[in-house]
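**Q**
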Amino acid sequence: MPKLPPRGVPPQGLKAKWKNPETGKDEDLDMSKWVCVYPCYIDKMRSMSQGRRVPRDCAVERPNVIEIKDSCQHLGLACLVEDKRHPADFFSRGRVRVMLSRPDNGEPISKDVANRKQLLREICKLVPKHVMRQKANEQRLQQQAAASAKAKEGSSSSSSSKKQSNKKKGKKKGKKK
């Protein structure tokens, strides 16, 4: 029977290609040291026991993997989307692996993001500004405006039709007398 590594030890053999900005050459990287970010870490609708790792006032409603990946790329960090699931959020698919420090000397790649907590807070700032979210908000506002206009039109036409039906009833009553 093979011996399993202790719990919490990342698996060996996770490799990725990275273009070193100083040398311009592609290098193999050990991704086991990269930080994992699941959408539930920054989801406002979740509690701390359900996996949220940032304060609720900082968190975002229903983030997805694409928004997280684009936010990391905007920060200038190397990232990779993986098809994995968080145990506390099993029905939501995807996680993002992010390289926070240089593999050769261990210094942070970005001055703004030195550790995991700072990364999560920066992602929370960038996700609401994401293009997909902006388009979705615009579409929702347009649908609400159209629905409210239709409701006003329907209520005004129904009130005028009630007046007309009352007039017709009144005429019929007058003829019978």
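Here the sequence shown is numbered in this note's numbering, starting from 5 and rising by one per residue.
Virtual Cβ for every residue (Gly too), placed ideally from N, Cα, C.
1. Which residue spans inside the stretch 60 to 117 form an unbroken beta strand (DSSP E) run of at least 3?
2. Alpha helix (DSSP H) containing CYS191: first to last residue?
3. Is it buried or exposed for PRO59, if we count other Cβ within 10 angstroms and need 16 for buried?
4. Rounding to the nearest angstrom, what Cα-Cα distance links CYS128 and ILE70 in this structure?
5. Excluding the 5 residues flanking ARG99 on each side, which residues of the same chain have their C-beta closer than 6 Å to its C-beta?
6. HIS134: buried (16+ other C-beta within 10 angstroms of its C-beta) or exposed?
7. Any idea if LEU123 is buried or exposed, counting beta-carbon neighbours within 10 angstroms, 16 or more meaning buried?
8. If distances are taken between C-alpha atoms only, which option among VAL102, ARG137, ASP116, ARG106 comes closest to TRP38?
9. Quick one: using the 10 Å Cβ neighbour count with 16 as the cut-off for buried, is CYS62 buried or exposed?
**A** Taking the definition as stated:
1. Within the stretch 60 to 117, the complete beta strand (DSSP E) runs of at least 3 residues are 83 to 90, 93 to 102.
2. Summary: the structure shown does not reach residue 191, with the chain confined to residues 5 through 181, and so no result is reported for it.
3. The sequence position of residue 59 within the sequence shown is 55, counting from 1. With fewer than 16 Cβ atoms within 10 Å of its Cβ, PRO59 is classed as exposed.
4. In the sequence shown, counting from the first residue as 1, residue 128 sits at position 124. In the sequence shown, counting from the first residue as 1, residue 70 sits at position 66. Approximately 13 Å between the Cα atoms of the pair.
5. Looking up residue 99 in the sequence shown gives position 95. So the list reads CYS40, TYR42, GLU86, LYS88, once near-sequence residues are dropped.
6. Residue mapping note: residue 134 aligns to position 130 of the sequence shown, counting from 1. Its Cβ being crowded by 16 or more others within 10 Å, HIS134 is buried.
7. The sequence position of residue 123 within the sequence shown is 119, counting from 1. Buried, by the Cβ-count rule.
8. Along the sequence shown, read from residue 1 onward, the residue named residue 38 stands at position 34. Of the candidates VAL102, ARG137, ASP116, ARG106, the one whose C-alpha sits nearest the C-alpha of TRP38 is VAL102.
9. Locating residue 62 in the sequence shown gives position 58, counting from the first residue. Looking at its Cβ environment, which holds fewer than 16 other Cβ atoms inside 10 Å, CYS62 is exposed.
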